[in-house]
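For reference, the structure is listed below as structure tokens.
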Amino acid sequence: MHVCRGNWTKKEDTLLSGSYDKLGKFFDSIDVDMLTLEFSTPRAGDIDSLFENNDLKDKIILGLGVVNPRSDEVEDPDTIVKSAEKALEFLPPERVWLNPDCGFATFSSRTLNSYDVISQKMDAMHTAAETLRERHCK
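So for the sequence shown, full-length UniProt numbering puts the first residue at 1; every next one is plus one.
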């Protein structure tokens with residue numbers, strides 16, 4: 001299940017914000033294997049809040065949003081690694097999947113990023129995944 005915070009503008013202050021702690025009990029009550037959540041911007045709050053007052057760490061795969069499809073800035077692989085390692089404090093490596101926050105092709109007639117920027121973001125995510133596998137999947 002994906003919880004979208006909005007993907008129609010590059011204006012971060014226009015899009016939904018707030019930590020996932022308010023949805024923790026709801027997430028805990030539904031029968032899903034994976035939560036795909038947006039964590040690439042401060043609008044999502046701290047990942048710790050996702051695991052407060054619930055049993056999610058015992059039951060979900062986390063599709064961790066680590067790149068922002070709304071931004072032209074390409075994330076540094078080290079920053080992505082740090083975000084993922086924070087999630088690894090709660091979940092084992094096989095249950096943390098790196099994802100973009102949301103899709104890159106939101107509107108076919110009005111995409112938010114060029115293919116070049118998208119490609120660079122995906123490359124950064126791939127580099128981070130390789131680093132994480134070397135560190136945590138031996």
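Beta carbons: idealized from backbone N, C-alpha and C, even for Gly.
Please read these numbers as outputs of a predicted model, since none were measured by experiment.
Counting along the chain, residue 23 sits inside no alpha helix (DSSP H), nor does DSSP assign it H or E at all.
When rounded, the separation of the alpha-carbon atoms in residue 116 and residue 124 is 12 Å.
Rounded to whole angstroms, the gap between the alpha carbons of residue 3 and residue 93 is 22 Å.
For residue 118, the uninterrupted alpha helix (DSSP H) segment begins and ends at 115-136. DSSP, reduced to helix, strand and coil, places residue 41 outside both helices and strands of the structure shown, so it counts as coil.
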